[in-house]
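Q: Shown below is the structure under consideration.
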Amino acid sequence: MRVLVLLGAPGAGKGTQAQLLETPLGLPRVATGDLFRAAARDGTELGRQAKVFMDRGELVPDSVTIGMLLERLAQPDASVGVILDGFPRTRAQAQALDATLVERGAGVDSALLVDVPADELFARLSGRWLCSATGHPYHEKAAPPKVAGICDIDGSPLIQRDDDKPEVVKARLEKQLGALGDVVDHYRAAGKLKVVDGTQPIAGVTASLLAEIRALPGWAAE
Ligand code: AP5
Ligand code: MG
5 MRVLVLLGAP
15 GAGKGTQAQL
25 LETPLGLPRV
35 ATGDLFRAAA
45 RDGTELGRQA
55 KVFMDRGELV
65 PDSVTIGMLL
75 ERLAQPDASV
85 GVILDGFPRT
95 RAQAQALDAT
105 LVERGAGVDS
115 ALLVDVPADE
125 LFARLSGRWL
135 CSATGHPYHE
145 KAAPPKVAGI
155 CDIDGSPLIQ
165 RDDDKPEVVK
175 ARLEKQLGAL
185 GDVVDHYRAA
195 GKLKVVDGTQ
205 PIAGVTASLL
215 AEIRALPGWA
225 AE
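Letter by letter, the sequence shown follows residues 5 to 226 in the working numbering.
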């Protein structure tokens with residue numbers, strides 16, 4: 005089982021890059037934010053609980069998040085491995101992930117930090133639009149659709165996320181960057197941290213990530 009963790013602040017480009025890496029690496033992307041949004045859309049108890057925290061720009065408690073992620077990892081498509089987008093976000097999540105992977109005779113192969121300075125994150129999040137059907141991300145300036153408001157890939161209308169409103173973006177950045185620092189420290193201490201310049205154009209970030217991944221022991225052919 006191969007496990008990559010994509011780390012980054014809100015808006016750093018984790019989702020954009022995780023989607024671009026799925027095909028070349030042959031690994032599914034697992035994004036806890038997407039799992040929470042799907043649960044909220046479905047009106048489940050977990051979704052209702054998570055939405056309260058997401059709407060405030062706060063992390064969903066570990067007691068809810070860890071169980072949901074471990075359940076997702078137990079599904080058959082994850083048996084080859086995963087690209088994790090948005091998990092772990094706290095030291096306790098990182099420790100729970102390590103423990104469950106050890107039980108499977110695996111471990112995190114690498115944690116790749118998409119590094120973007122805080123002053124650029126606000127512009128990225130406030131200009132973001134998503135395909136209403138698949139979640140494919142666009143940006144008004146950096147990655148605009150060919151026709152405004154319409155997904156290039158399947159023609160669905162583009163929408164904005166509830167938590168991309170300016171006041172919630174501000175809260176996300178204020179409340180979540182400290183925890184990101186703890187997770188970065190966790191992987192640095194384990195010798196697994198790689199840092200990639202996230203201010204490059206999207207394709208440049210993908211190329212840098214793939215170069216780091218292919219340099220990992222046993223990943224050259226990926
Ligand atoms: P989540 O959905 O994970 O949101 P996030 O971490 O805040 O990150 P985003 O999805 O907003 O940004 P991204 O890094 O994916 O950037 P993107 O590629 O879209 O989580 C949402 C909420 O759920 C959290 O706030 C929390 O409440 C909860 N949650 C989730 N996981 C949790 C966990 N493990 N524990 C507890 N709570 C959890 O790109 C952003 C924009 O920039 C796009 O418009 C894109 O087109 C553009 N862009 C991308 N790359 C570039 C580039 N290189 N140059 C220019 N523009 C770019
Ligand atoms: Mg995302």
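We put the beta carbon where it would ideally sit given N, CA and C, even for glycine.
Only counting the same chain, and skipping five residues up and downstream in sequence, which positions put a Cβ closer than 6 Å to that of P149?
A: Y142, D156.
Q: Output the distance between the C-alpha atoms of Q99 and V151, rounded to the nearest integer angstrom.
A: Near 44 Å, if we compare the C-alpha coordinates of V151 and Q99.
Q: Which of helix, strand or coil does DSSP assign to P170?
A: Three-state result, P170: helix.
Q: Is G208 near the ligand MG, judged by its Cβ being under 7 Å from some heavy atom?
A: Result no, Cβ not under 7 Å from the ligand MG.
Q: Would you call the stretch 50 to 67 in contact with the stretch 19 to 35, where contact means no fewer than 3 C-beta pairs closer than 8 Å?
A: Touching, no.
Q: Is the shortest distance between the beta-carbon of G90 and the beta-carbons of chain C less than 8 Å?
A: No chain C is part of this structure, which consists of one protein chain only.
Q: CB R132 to CB P14, shorter than 8 Å?
A: No, they are not a contact pair.
Q: Under 7 Å from any heavy atom of the ligand AP5, does the C-beta of M5 make it?
A: Not under cutoff, so the answer is no.
Q: For V7, tell me which candidate among D89, V68, M58 has the shortest Cα-Cα distance.
A: Closest by alpha carbon: D89.
Q: Please classify Q164 as buried or exposed, where buried requires at least 16 other C-beta atoms within 10 Å of its C-beta.
A: Q164 should be labelled exposed.
Q: In whole angstroms, what separates the C-alpha of A183 from that of A137?
A: The alpha-carbon atoms of A183 and A137 are separated by roughly 31 Å.
Q: When DSSP labels each residue in this structure, what does I206 get in the three-state scheme?
A: Helix.
Q: Check for me: the beta strand (DSSP E) holding R132 runs from which residue to which?
A: Counting along the chain, the beta strand (DSSP E) containing R132 begins and ends at 132 to 135.
Q: State yes or no: is the C-beta of D89 nearer than 7 Å to some heavy atom of the ligand MG?
A: Answer for D89: yes, Cβ within range of the ligand MG.
Q: Suppose contacts are defined by Cβ-Cβ distances below 8 Å. Is D119 in contact with V199 by that definition?
A: Yes. Within cutoff.
Q: When you measure from the CB of R93 to every non-hydrogen atom of the ligand AP5, does any distance come out below 7 Å?
A: Answer for R93: yes, Cβ within range of the ligand AP5.
Q: For G71, is the beta carbon positioned less than 7 Å from some heavy atom of the ligand MG?
A: Checking the Cβ of G71 against the ligand MG gives no.
Q: Please determine if the stretch 109 to 125 and the stretch 186 to 205 are in contact, where contact requires at least 3 C-beta pairs separated by less than 8 Å.
A: In short, these stretches touch, since the Cβ pair count reaches three.
Q: The beta strand (DSSP E) with G51 in it runs from where to where?
A: Note, G51: premise wrong, no beta strand (DSSP E); alpha helix (DSSP H) at 49 to 59.
Q: Can you tell me whether H143 is helix, strand or coil according to DSSP?
A: Correct three-state label for H143: strand.
Q: Could you tell me which residues DSSP pairs with I87 in its beta bridges?
A: Answer is L8, R33, bridged to I87.
Q: Enumerate in chain order the residues of its own chain whose CB-to-CB distance from V68 is below 8 Å, with the five nearest sequence positions on each side excluded.
A: Excluding positions up to five away in sequence, the list reads L50, Q53, A54.
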